[in-house]
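>
See the structure below:
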């Protein structure tokens, strides 16, 4: 099995979230992220409500917490960088100044940073839950069905398919290099790595040409065809609509409170 | 009238490599022809001419009509081309979508394309693979699905490049049995002469871009001097004593 199968590592589970139609999930996830981004900075309580909702969905999804945490950890360098930079922003006045671990920090800047960082983290959690509970092929089909240009979904599909194939090819090249002894010295290592990358790139172009020929051989004329997936189950459409309405209502109530 | 006729076909790649230098062959309707030859003989290049992907100088006629005169869709539905590496042929997110790709390009309605795709998958014993991503399949499964992608277009002539390359003995036998059961005319390019002997009534020997001999498979594949002259060897099953 190829390395990029990791993308769909947990898509086979049968949780209630997994069983939802991909189109319904995609719409719900987009609505949730929009509501999240529209949450005013001065409403940390509302942000906590979104977090609680996402954690509840994460629980229902049966995805391993460790796997979700691993995906969220991707954001760690950016969050860390922002946090380190926080003391560099001067407080607006004395009332805004707070002392944290011996450093003077602007309370406004800290609140803003918590808001931005929290939103990024929750948006990533929403994306992780969506992609973790939906096979990549289904997700692409759903995006196409919801109006994303077919060329874009096709290109993404090619990237998902052939990045894995190329990754496996690159892995075999690395094994073949190791099988012929250890390369000594940083300079030689860099030269070998560069030539391997160039070889892989040349093979990518050649494969692209062969795939294009295979497409033409089956009648491709510049427009990606698609099978009609049929409508989503009515119950799920109602559920999705209720979720979107609930997000809107929660946002409205939170902003007004 | 021959189903396929190639006459004096020349083709030079943009880098100056002369791949075909006057290749000629014929294939009767319902027949099966093995195209054999050493590496670099021009087999794959020749196959790409048969459904109009490459155009060299000379003549390629399908059912007596030059490929240039065929509407592209009709030609590609008539001559189904299965590539050497199935990873190049399978590019859609799921097997079903991949097999339906050709029928949809022919302009069939989605439901009919789906029915054709499922029928083609059934005919190669791979119906249960329909919802799976193609790159998750084993080599043997990929070969079957690649064949189904072309069968779904209901071609009259199947052109197959190295159908059993890199398969284990069991997978190889299964593909040979599958190909033997298909009713379409077949042109099979391969180095696997045992397979060619099992599947093809005739063989054509291609070397340096020219067909040096075409005739009954059993007779040509037993001709040691001829095969040796073109970098080939007599299959074990035809070697005496």
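Protein chains in written order, with the working numbering: chain A, 2 to 258; chain B, -16 to 224. Cβ coordinates follow ideal geometry from the N, Cα and C atoms, glycine included.
Quick check on DSSP: helix, strand or coil for residue 56(B)?
Reading the second chain from its first residue, position 73 is the one you call residue 56(B). The answer is helix: DSSP assigns residue 56(B) an H, G or I state.
> Taking the Cβ atom as the reference point for each residue, do residue 34(A) and residue 241(A) lie within a distance shorter than 9 Å?
For the purposes of this step, residue 34(A) is taken as the residue at position 33 of the first chain. For the purposes of this step, residue 241(A) is taken as the residue at position 240 of the first chain. For residue 34(A) and residue 241(A), no; Cβs fall outside 9 Å.
> Can you give me the C-alpha to C-alpha distance between residue 134(A) and residue 25(A), rounded to a whole angstrom?
Taking the first residue of the first chain as 1, we reach residue 134(A) at position 133. Taking the first residue of the first chain as 1, we reach residue 25(A) at position 24. Going by the C-alpha atoms only, they are around 12 Å apart.
> Could you check whether the Cβ of residue 126(B) sits closer than 9 Å to any Cβ belonging to chain A?
Here residue 126(B) refers to the residue found at position 143 when the second chain is read from its first residue. Closer than 9 Å: no.
> What does DSSP give as the partner residue(s) for residue -7(B) in the beta ladder?
Mapped onto the second chain, residue -7(B) falls at position 10. As a beta-bridge residue in DSSP terms, residue -7(B) pairs with 4(B), 40(B).
> Just the Cα atoms here: how many angstroms apart are residue 16(A) and residue 55(A)?
As a working note, residue 16(A) is residue 15 in the first chain. As a working note, residue 55(A) is residue 54 in the first chain. If you take the alpha carbons of residue 16(A) and residue 55(A), they lie about 15 Å apart.
> Over the uninterrupted alpha helix (DSSP H) stretch that includes residue 19(A), give me the two end residues.
Translated into the one-based positions of the first chain, residue 19(A) becomes position 18. According to the DSSP assignment, residue 19(A) belongs to the alpha helix (DSSP H) that extends over 17 to 20.
> According to DSSP, simplified to helix, strand and coil, what is residue 245(A)?
Locating residue 245(A) in the first chain gives position 244, counting from the first residue. Correct three-state label for residue 245(A): helix.
> Cutting at 7 Å between CB atoms, please list the residues of its own chain near residue 9(A), excluding the five before and the five after it.
Here residue 9(A) is taken as the residue at index 8 of the first chain, counted from 1. For residue 9(A), where only same-chain residues beyond five positions count, the Cβ hits under 7 Å are 136, 137.
> Is there a Cβ of chain B sitting closer than 9 Å to that of residue 244(A), yes or no?
For the purposes of this step, residue 244(A) is taken as the residue at position 243 of the first chain. It does not; no Cβ of chain B falls within 9 Å.
> When we look at the beta-carbon of residue 171(B) and count the other beta-carbons within 10 Å, is it buried (16 or more) or exposed?
In the second chain, the residue the question calls residue 171(B) occupies position 188. Its Cβ being crowded by 16 or more others within 10 Å, residue 171(B) is buried.
> Looking at chain B, which residues of the segment 162 to 184 of chain A have a Cβ within less than 7 Å of any of its Cβ atoms?
The residues in question are 162, 165, 166.
> So is residue 253(A) buried or exposed if we call it buried at 16+ other beta carbons inside 10 Å?
Within the first chain, the letter at position 252 stands for residue 253(A). Label assigned to residue 253(A): exposed.
> Considering only residues of the same chain and omitting the five flanking positions on each side of residue 145(A), which have a CB-CB separation below 8 Å?
Taking the first chain and counting its residues from 1, the one referred to as residue 145(A) is at position 144. These residues qualify, in order along the chain: 151, 154, 227.
> Determine the chain B residues that contact residue 229(A) at a beta-carbon separation under 7 Å, and present them in chain order.
Locating residue 229(A) in the first chain gives position 228, counting from the first residue. What residue 229(A) touches in chain B: 93.
> Can you tell me the Cα-Cα spacing of residue 124(B) and residue 109(B), whole angstroms?
The residue given as residue 124(B) occupies position 141 in the second chain. The residue given as residue 109(B) occupies position 126 in the second chain. Taking the straight line from one Cα to the other gives about 7 Å.
> With contact counted as at least three CB pairs below 8 Å, one residue from each stretch, are the segment 164 to 183 of chain A and the segment -10 to -3 of chain B in contact?
no
> Which first and last residues belong to the alpha helix (DSSP H) in which residue 71(B) is found?
Taking the second chain and counting its residues from 1, the one referred to as residue 71(B) is at position 88. Here the alpha helix (DSSP H) through residue 71(B) covers 69 to 72.
> Nearest CA to the CA of residue 182(B): which residue from 126(B), 143(B), 117(B), 193(B)?
As a first step, residue 182(B) must be located in the second chain, where it is residue number 199. Of the candidates 126(B), 143(B), 117(B), 193(B), the one whose C-alpha sits nearest the C-alpha of residue 182(B) is 143(B).
> Looking only at C-alpha atoms, which of 14(B), 137(B), -1(B) sits nearest to residue 198(B)?
In the second chain, counting from the first residue as 1, residue 198(B) sits at position 215. Ranking the options by Cα distance to residue 198(B), first place goes to 14(B).
> State the beta-bridge partners of residue 187(B) as determined by DSSP.
Residue numbering aside, residue 187(B) sits at position 204 when the second chain is read from its first letter. Residue 187(B) pairs with 18(B), 197(B).
> Count Cβ pairs between the segment 74 to 85 of chain B and the segment 214 to 222 of chain A that sit closer than 8 Å; are there 3 or more?
yes
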